[in-house]
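Sequence positions in the sequence shown follow our numbering and run 53 to 173.
The beta-carbon is built from N, C-alpha and C at its ideal position, and this holds for glycine as well.
Everything numeric in this text was worked out from a predicted model, so none of it was measured.
As structure tokens, the structure follows; a few thoughts come after it.
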Amino acid sequence: MNNKTYYFDKNGNKVTGKQVIQGMDYFFNADGSTNNVVGIDVSTYQGNINWTKVKAAGVDFAIIRIGFMGYGTGKLVADDKFKQNLEGAKNAGLKVGVYFFDAAITEKEAVEEASMCLQML
């Protein structure tokens, strides 16, 4: 309604304040609307994503994996779908963020991971 999200109790009344819905905490304004946003975490494991459908489903943002450090090998690996996902999400009008699946055990490895992220952005 009016580009706002509401939740109604079993009597059909808009809820306000803090509510626990299916185990999740939500906060509803005095008018019953919420400012909650919906986001997803994606990587190569989700395959090819139809970002237009994602946006149409009500998703507001995506957190996209840049890459990871191979456990035990220390090898930096870029996510195969990073650039495709970043471009697709932005083109669909989603807000985006990125993450690196960290496995650094030394300061040197942490710097290598951060450097890779900066290079890929």
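Asked	Found
Close Cβ partners of Lys56 (< 6 Å) along its chain, the five nearest in sequence each way excluded	Ser85
Same chain, Cβ closer than 6 Å to Asn172, five either side skipped, listed in chain order	Correcting the residue identity first, residue 172 is Met in this sequence and not Asn. Only Ile118 meet the Cβ criterion.
First through last residue of the alpha helix (DSSP H) which encompasses Val163	159 to 172
Selection from Met76, Asp77, Val94 that minimises the alpha carbon distance to Phe134	Val94
Buried versus exposed call for Gly124 [16 or more other C-beta atoms within 10 Å across all chains shown]	exposed
Residues near Thr96 in its chain [Cβ-Cβ closer than 7 Å; skip 5 each side]	Asp131, Asp132, Lys133
Cβ-based burial, Glu165 [other Cβ within 10 Å; buried from 16]	buried
Start-to-end residues for the beta strand (DSSP E) that takes in Gln71	69 to 73
Residue span of the alpha helix (DSSP H) that contains Val89, given as start and end	No alpha helix (DSSP H) holds Val89; DSSP gives it neither H nor E.
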